[in-house]
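In terms of this note's numbering, the sequence shown is residues 19 to 419.
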Amino acid sequence: MVRPLLLIAMLLTMGAGPPNQPSGSATVPTTDERAMAAVIRDLCPKHVALLGEATHGDGHSDAFKAALVERLVTQCHFNAVFFEASHYEFLGFAGKLRDGAPADAAMVGDAMGGLWKFDREVQPLIPFLFDAAKARRVVLGGLDGQMGALEARYANDEMPVELTNYLEGDRRRECREILRRRTYWDYPNGSYSDDDRAQILRCTADISRAMDKAAAADAATADAQRSMIRNIEAFTRADALGRAEFITARDKAMYDNFGWLVRRLPKGSKVIVWSATAHIAKNGAADPAYARAGNFGSYVHRDYGARAFALGFSAASGEYRYARKDNRPLATPPSPSLERSAVTSADDATTYLNPARLKVLGRLPGAAFSHAFEENDWAGSLDGVVVFGREYPPHSTRPGY
Numbered sequence: 019m020v021r022p023l024l025l026i027a028m029l030l031t032m033g034a035g036p037p038n039q040p041s042g043s044a045t046v047p048t049t050d051e052r053a054m055a056a057v058i059r060d061l062c063p064k065h066v067a068l069l070g071e072a073t074h075g076d077g078h079s080d081a082f083k084a085a086l087v088e089r090l091v092t093q094c095h096f097n098a099v100f101f102e103a104s105h106y107e108f109l110g111f112a113g114k115l116r117d118g119a120p121a122d123a124a125m126v127g128d129a130m131g132g133l134w135k136f137d138r139e140v141q142p143l144i145p146f147l148f149d150a151a152k153a154r155r156v157v158l159g160g161l162d163g164q165m166g167a168l169e170a171r172y173a174n175d176e177m178p179v180e181l182t183n184y185l186e187g188d189r190r191r192e193c194r195e196i197l198r199r200r201t202y203w204d205y206p207n208g209s210y211s212d213d214d215r216a217q218i219l220r221c222t223a224d225i226s227r228a229m230d231k232a233a234a235a236d237a238a239t240a241d242a243q244r245s246m247i248r249n250i251e252a253f254t255r256a257d258a259l260g261r262a263e264f265i266t267a268r269d270k271a272m273y274d275n276f277g278w279l280v281r282r283l284p285k286g287s288k289v290i291v292w293s294a295t296a297h298i299a300k301n302g303a304a305d306p307a308y309a310r311a312g313n314f315g316s317y318v319h320r321d322y323g324a325r326a327f328a329l330g331f332s333a334a335s336g337e338y339r340y341a342r343k344d345n346r347p348l349a350t351p352p353s354p355s356l357e358r359s360a361v362t363s364a365d366d367a368t369t370y371l372n373p374a375r376l377k378v379l380g381r382l383p384g385a386a387f388s389h390a391f392e393e394n395d396w397a398g399s400l401d402g403v404v405v406f407g408r409e410y411p412p413h414s415t416r417p418g419y
């Protein structure tokens, strides 16, 4: 926990932010409320609410999203929330709830990961989600199968032990060490090789065969463990690809995990997805990374059509967190642009561009992807866009930020 004086000093050095938020309740300033109400009207009837963010360093976006998630759960009866975060860590948390093992809100934060759990704007959401998950009102899940997440205690330490327990003797010890090395990237001079990948895949194959022969664990645990194995294998193969191919392979794997999670929900469930806009957009046309293959959102919209809604975020001014100690200003929007079409005064009020408005605006520059202005048909990429008068970096409680 950050000491109060240190937190005050951090906030003063990072610029002005939102009003004080009551503990355990995500709120927004009054200048956001009109847009919030309009967003909820559009999202409430949907089955999948995809909530983006231009980058992972946008505090105003995160505060709005945290409050929006609470309201979608309490007012619109959404009963699942999935994050662009560790699939393994959320499975570990679900297992503890299922088994009646000790669990607390910090585990939800750990599963959400370092991109969000340290940020003051998001922190009121964490106990809300924990209480809802513990009461079986909400199912929480992660979409990302990459190994080695910050402070993911289950994924980093418990999961390799749990999976290799199916093996015996020297092979158990060997595979435990192989998985540990990959999780902690413990390779001399970063010398991760094709042979290292092959060793991981041989271990997962051995574990799978041993699971087939073992006395059956409870069905839910065995199901989760097989999903862990599939994800380890998928990302071990993907990390041999080039950057562009890896990005699209990751999006496809996240959609596979989304489908796996949805199939285990009650019929008629309503799902919230928290991710970057580049992932949740109806197509990735505004992001060069998706020039050759689909993004996560394209698969969702292919299967759900009008039952899914992709919400993006942008701003007419302000700053965002680019790196640990590097806040950068947003570029001044050109005229015309998505942002200038939305924000027409200097009062920092937040505007919501709904589907009809986006269609009327047509093709024009905008910065809802990575705060970089690109000409785009925004109605083809997103169903709605929240445009803030001012964005600001998250207020982190993480030392060094």
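We put the beta carbon where it would ideally sit given N, CA and C, even for glycine.
On a predicted model such as this, the values are computed, not experimentally measured, just so you know.
C-alpha distance - residue i paired with residue j, whole-angstrom precision
i    : j    : result
S359 : W203 : 46 Å
R381 : G302 : 15 Å
R116 : F253 : 27 Å
P373 : M165 : 37 Å
T295 : H389 : 11 Å
I225 : L185 : 6 Å
D162 : L376 : 30 Å
M125 : F111 : 7 Å
D175 : A267 : 26 Å
R320 : N207 : 43 Å
L181 : R282 : 22 Å
A216 : P347 : 44 Å
A262 : G118 : 42 Å
A333 : R255 : 38 Å
S353 : R198 : 52 Å
D76  : D137 : 10 Å
A85  : S335 : 22 Å
L219 : V156 : 34 Å
R244 : L158 : 18 Å
A53  : N345 : 26 Å
C16  : W134 : In this structure the chain extends from 19 to 419, so residue 16 is not present and cannot be described.
T369 : R339 : 22 Å
L143 : L69  : 15 Å
F146 : V91  : 10 Å
A341 : G402 : 28 Å
V318 : A56  : 23 Å
E102 : W292 : 6 Å
V405 : R171 : 37 Å
Cut-off 6 Å between Cβ atoms - residues of its own chain near residue i, not counting five sequence neighbours on either side
i    : result
Y289 : First, the residue type needs correcting, since residue 289 is Val and not Tyr in the sequence shown. Only V66, A98 meet the Cβ criterion.
A242 : L109
N249 : H105, G163
H74  : L133
Bridge partners - residue i, DSSP secondary structure assignment
i    : result
F96  : Bridge partners of F96: none, in fact.
A173 : Paired residues: none, contrary to the question.
E337 : P347
G429 : Lying before the first or after the last residue shown, residue 429 is absent from the chain, which here runs from 19 to 419.
S414 : D137
F101 : G160, W292
E409 : G336
Continuous alpha helix (DSSP H) stretch holding residue i: start and end
i    : result
P420 : The structure shown does not extend to residue 420, since the chain is modelled only from 19 to 419, so the question has no answer here.
V46  : Per DSSP, V46 belongs to no alpha helix (DSSP H) and is neither H nor E.
T266 : 261-280
V361 : Per DSSP, V361 belongs to no alpha helix (DSSP H) and is neither H nor E.
T295 : 295-298
A124 : 123-130
L283 : No alpha helix (DSSP H) contains L283, which DSSP labels as neither H nor E.
Unbroken beta strand (DSSP E) run spanning residue i, endpoints
i    : result
D188 : Element bounds for D188: not the beta strand (DSSP E) but the alpha helix (DSSP H), 187-201.
D257 : D257 -> no beta strand (DSSP E), and no H or E assigned at all.
G384 : 381-384
N394 : 392-395
G160 : 157-162
A67  : 66-69
V289 : 289-292
T369 : 369-371
Residue i burial status per 10 Å Cβ neighbour count (16 or more: buried)
i    : result
H78  : buried
S355 : buried
G160 : buried
L329 : buried
L379 : buried
D188 : exposed
R227 : exposed
D230 : exposed
P63  : exposed
A386 : buried
Y410 : buried
Own chain residues within Cβ distance below 8 Å of residue i, not counting five before or after
i    : result
K152 : L115, A121
L168 : G131, G132
D212 : A258
G395 : It is worth fixing the name first, because residue 395 is Asp in this sequence and not Gly. Counting only Cβ-Cβ distances below 8 Å, and skipping sequence neighbours, we find A303, G380, R381.
Residue-chain proximity (residue i, chain C), Cβ-Cβ < 8 Å
i    : result
L382 : Of the protein chains in this structure there is only one, and it is not chain C.
Proximal residues to residue i (C-beta, below 7 Å), its chain only, five neighbours per side dropped
i    : result
S367 : The sequence given here has Ala at residue 367, not Ser. Excluding positions up to five away in sequence, the list reads T49, G407.
E251 : L219, T222
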